[in-house]
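Here the sequence shown is numbered in our numbering, starting from 44 and rising by one per residue.
Where is the CB? At the ideal position from N, CA and C, for every residue including glycine.
Everything numeric in this text was worked out from a predicted model, so none of it was measured.
The next block holds one structure in the form of structure tokens; read it before the comments.
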Amino acid sequence: MNLAKWCITNNRTSLVLFLLIAVSGVMTFFSIPKSEDPDFTIRTGVISTVFPGASPQRVEELVTDKLEERIREIDGVKTVKSQSMTGLSIIEVEFEDSIMDMQPYWQKLRNKVDDAAPDLPEEARTPQVDDEFGDVYGIVIALTGDGFSYRELKDAADDMRDELLKIKGVGKVERWGVQDERIFVDFTNSRMAAAGVSPFVLAQMIDRQNTLQPSGSSMVGPERIVIEPTGEFKGVQDIYSLSIRPPGRRTSVRLADVADISRGFSDPPSTMARYNGKQCLMLAVSMADGGNITELGQRVAERLEGLKANMYVGLDTSLVVFQPDYVNKAISDFMINLIESFAFVVVIILLFAGLRTGVIAGSLVPMAMLGCIALMPYLGVGLQRISIASLIISLGILVDNGVVVSEAILVRLAAGEDRLKAATEAVGELWMPLLAASLTTIFAFLPIPLATTHPVGEFCESLFIVVTLTLACSWGLSMSMVPMMCYYLLKPKLTVQTFSSRLYRGYRGLLLWSLRHRTVFVCGILLCCAASGWAFQFVPKMFFPPNERAQFTIDFWQPYGTDITATQRRVERLEKVLLADEGVTGVGVFVGHGGPRWYLPLNLEQRNDNLATFVVNTTSIEAVDPVIRRTRQALEKGFPDAEYSLNKLMNGPPVGAKLQIRLSGPDIKTLYALRDQIAPIVEGQEGVTRVWDDWGQWTKKMIVHVDQDKAREAGLSSFDVAVSLQAAMSGLPASNYREGDTIIPILLRNDEGFRNHLDKIDSLNVYSYDTGASVPLSQVASTRLDWQPSDIRRRDQGRTMTIKADVADGYFALSILNRVRPAVQKLMAGGDWPLGYNVEYGGEFEESAEAQEAINANMPLAMGLLVLVLIFQFNSLRRPLIILLTLPPMFIGISTGMLATNSPFGFMPMLGMISLLGIIVNNAIMLIDRIEIQRGRGLALADAIVLSSMERARPIIMTATTTIIGMVPLSLQGGEMWRPMANLIMSGLTVATVLTLVLCPVLYSFFFRQRFKDYVWDQRIVERGSDLHVDPAAE
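Here it is, written out as structure tokens:
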């Protein structure tokens, strides 16, 4: 069925259908989910295991290694990374990116962790599996309260959390900076001795009194009555008044007479949160699946305003992160770019094609885009950075369809054909070439969604979907709406296009010279291609550029072993520096942790007492770089012993530090020695601002050497010594107090005057678990300070130390790494490099290589399908080969343009290169198809080549011009994300268009053995053609 004929004969039905497409697109635009960036899955789970008091090496051997062995048995595990710190094991399990349904794998992970649990030490607590590590909390609210106690602040945060959870579209609300409550039972050696009780016995007495032990049931007639004894603590007062009878004593004493009892919060706290220099609690809000972040933001903002009216005076809420604002700005900016691009495209079409043809061809652009937008939600695509840019990328490609069809109909009308026949036969002639051109472009983008082995495939999947939908809509409307509009609007005049203008004469002269000297011309093109390939090595490389947010983060590390309260004091100093900066509007801090994932591509740091992560909001995106420079200077001067990393938010999948060098091997000291050799090489590179590693320096530990003979004489064991030390220093868990649904641990510990004074450790009483007798520690053990690694990192079960570096603005990590690698390879080739130690490169280098590999793996399939379409279209092998040979010269423009504009080549420019490939193939298809048409009408081969080239020159130049002009807004206003891609398309297409109009005819003459040595152009060839050519300017 001919779509054009059906639409014209059923014009009212067609009009309604086209109106429905437009209305559906407009309505969908306002209701479609909107986000800043496309979603992609973080396939990483985190297993945390507490092993109180154990050194990093013991944690590694007894906990981390046991868990890793089990985890590695799971199919689909990509990478296992771990940290073994004092008293804590953290394992990150990353699964293969090709896995779509993660739930079965999370269950497998839990099962394997449960299987490993019996192999862990008794002292280790149950491993906790977090499979929500990738959840994004796009709204983060800070709750501060001048003059309010922490307990009052926590109660207010709990109430606010309950209110936020009631909002439609809210998925979860997590609290950050919460300190766990404790009931402390503080004792002294003298009071314990006077009471004749040991910490062990005291803990047992507290736990046995606070019982929930089931006591059975009894049959009474037909009923069974459950027996439930009392005894559980109903209030803190019950703990105070607990009566205890020490062994061997006849009288009882109250617990309050033996120890000081208080209710408070964990000391030291595990994590803290601050905002603008004040202690606070953070509430992180995530969106429910399928929600609209802009609508959610509006509802949350309204609810917060309502809550403020009922708050106590002094309580205040502040927005640390509010993603809806950034989404609205991103959508607004890109829509402006899209409208500007569309306006430029329409102007170019009107200039080239005239008013009527311009209106017809130009109307195809908004209709195709509205049709695409109407279909996007059904394929799971919303409006976000990638999908909107895809619409802009498609502009130049889809315009060509409308121009070609309207011109073909215009020519037939000028030849005197009936309107209906002109429309239907033009569509019948062009539907296959235009479909082939659209399919080749679609297949060129096919490797992107098929790149399932890397997150970038999922991140950019919407680009393929949107381009496909846009081109499909463009082709469908070109076969229906465009001929229908031509039927009613075109009014041709019989003005013959003679191709005699100065531009045509210049082009024909260049073409004929190239055809006559084709060997010289082709050799020149080959030399230019070789030169551009050589020059491309000087183009800077970058995986993904920074995001255009007025925010940045600071990862701020104190020396390993620093207590979290000391870290907080340093944080307070840095806060003052930041808040005094005129470019800073707010500073949120997560102390002891990297905080929630408030931005999807964040590379979060795990829990550590010496860590603080700052979220710094600035007045504008332009203020970010100056504030970072001033902050770096302040850090260098005021915090010489701290490590820090100042990071702009990055686009694309998480990378972490841009420059990373991984050292792996078995011995800890050797790894440190190798680090000391390689780190100075990195530090010496221009553009490197900071170098650090993820192991840190060695930290102190106290070794208590138990004299086993003396201990046995005193009736003590190593267990007695260890538990007595724990009770005295960190606290011994005694029982749990239940208050509603809250469980509060009861902790038995020595008093404040003893706990934090190592000089008194020798006088610590060591109690026998069996007898309760005690002796000073100095009688059974000796103490000394020693050194240990602070943080043992592993990767795939091998010890791995990562050297990381920050890179200054204007420099590129991949370029710096290219200078570092030869020096490292030279070091490894030397005779002093130890056996069994390897070097790998991570960061941008690894991610970029993996992304390229994932896409390149599917390139043969895409190219195979593209070639099949060309073969099917032409039923030939030579013609598709000609088209493919027109592609390499595009690198002449790419290298020149990228170097001239100092644009880095990364993943997004690579997508632009694929788009450029599609445009060039489209042009070549239409040019060769026109040659075949003219040959079929009886023209000689030489005449057909020259005439068809001139006939296709204007549409090809118009398509190129509309695409290039459409890229101008992205080049000027698209930021670092889109500027390099736009520059690549503009420069590449400029050169490629000229070469397509000359190289393609030259190659055609080569393959079909047509010589032009004695060829002379005859103007009468135009008149001898089967068509009369109309100049649209004469309309």
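Residue i to residue j, Cα distance in whole Å?
i, j, result
"Lys109", "Asp834", "18 Å"
"Ile746", "Leu828", "6 Å"
"Pro602", "Asp737", "12 Å"
"Leu1015", "Arg1052", "46 Å"
"Ala700", "Val408", "42 Å"
"Ile786", "Gly190", "27 Å"
"Tyr550", "Glu665", "46 Å"
"Lys1086", "Arg218", "What the structure shows of the chain is the stretch from 44 to 1078, and residue 1086 is not part of that stretch, so it cannot be assessed."
"Glu266", "Ser260", "10 Å"
"Tyr421", "Ser375", "23 Å"
"Leu63", "Thr71", "12 Å"
"Gly604", "Ala373", "42 Å"
"Ala943", "Ser91", "50 Å"
"Ile436", "Leu982", "37 Å"
"Lys534", "Ser523", "19 Å"
"Asp359", "Arg650", "27 Å"
"Met412", "Ser575", "36 Å"
"Ile431", "Met1020", "13 Å"
"Pro697", "Pro644", "5 Å"
"Pro802", "Met772", "Sequence check: residue 802 is Asp here, not Pro. Going from the Cα of Asp802 to the Cα of Met772 covers about 13 Å."
"Ile51", "Tyr530", "8 Å"
"Glu166", "Asp157", "16 Å"
Would you call the CB atoms of residue i and residue j closer than 8 Å?
i, j, result
"Leu702", "Ala856", "yes"
"Val634", "Met325", "no"
"Pro595", "Val659", "Rather than Pro, the amino acid found at residue 595 in this sequence is Phe. Yes; because the gap between Cβ atoms is below 8 Å, this pair is in contact."
"Thr400", "Ser449", "yes"
"Thr1033", "Ile391", "no"
"Asn54", "Gly471", "no"
"Ser992", "Leu554", "yes"
"Ser241", "Gly626", "no"
"Ala302", "Arg234", "yes"
"Leu558", "Ser1048", "yes"
First and last residue of the alpha helix (DSSP H) that includes residue i?
i, result
"Ala237", "232 to 238"
"Phe542", "Where Phe542 is concerned, there is no enclosing alpha helix (DSSP H), given that its DSSP letter is neither H nor E."
"Lys109", "108 to 114"
"Ala386", "366 to 396"
"Met524", "524 to 532"
Tell me which same chain residues have a C-beta within less than 7 Å of the C-beta of residue i, skipping the five on either side of it?
i, result
"Asp624", "Val670, Arg673"
"Glu994", "Arg973"
"Ser98", "Thr129, Lys744, Gln831"
"Glu468", "Arg455"
"Cys180", "First, the residue type needs correcting, since residue 180 is Tyr and not Cys in the sequence shown. So the list reads Glu217, Ala327, Val328, Ser329, Pro639, Arg640, Trp641, once near-sequence residues are dropped."
"Gly885", "Gln703, Arg705, Thr845"
"Glu116", "Lys155"
"Thr87", "Glu135, Val136, Glu137, Phe176, Gly177"
Please return the same chain residues whose Cβ sits closer than 6 Å to the Cβ of residue i, not counting the five positions on each side in sequence.
i, result
"Arg733", "Asp849"
"Asp80", "Gln427, Arg428"
"Asp852", "Asp668"
"Gly637", "Leu647, Glu648, Thr656"
If you follow the beta strand (DSSP E) that residue i is in, where does it begin and where does it stop?
i, result
"Glu217", "213 to 219"
"Pro819", "817 to 819"
"Cys323", "321 to 330"
"Pro776", "775 to 782"
"Ala316", "315 to 318"
Can you give me the Cβ contacts of residue i inside the same chain, cut-off strictly under 8 Å, excluding the 5 residues immediately before and after it?
i, result
"Asn945", "Pro583"
"Pro588", "Met693, Asn694, Pro947, Gly949, Met951, Gly1018, Glu1019, Met1020, Pro1023"
"Ser451", "The amino acid at residue 451 is misidentified as Ser; the sequence shows Ala. Correct list, in chain order: Ala469, Glu472, Leu473."
How do the segment 200 to 210 and the segment 259 to 279 stand: do at least 3 beta-carbon pairs fall below 8 Å, yes or no?
No contact exists between the segment 200 to 210 and the segment 259 to 279.
Does the contact criterion of 3 or more C-beta pairs under 8 Å hold for the segment 475 to 487 versus the segment 909 to 920?
The segment 475 to 487 vs the segment 909 to 920: in contact.
Any contact of the segment 930 to 942 with the segment 877 to 886, i.e. 3+ C-beta pairs under 8 Å?
No: fewer than three Cβ pairs fall under 8 Å.
Does the contact criterion of 3 or more C-beta pairs under 8 Å hold for the segment 232 to 250 versus the segment 280 to 293?
Touching, yes, given that three or more Cβ pairs across the two stretches are closer than 8 Å.
Does the count of Cβ pairs from the segment 490 to 510 and the segment 950 to 969 closer than 8 Å reach three?
Yes: the two stretches touch, three or more of their Cβ pairs being nearer than 8 Å.
Is it the case that the segment 146 to 154 contacts the segment 170 to 177, given that we only count it when at least three CB pairs across the two stretches are under 8 Å?
Segments in contact, yes.
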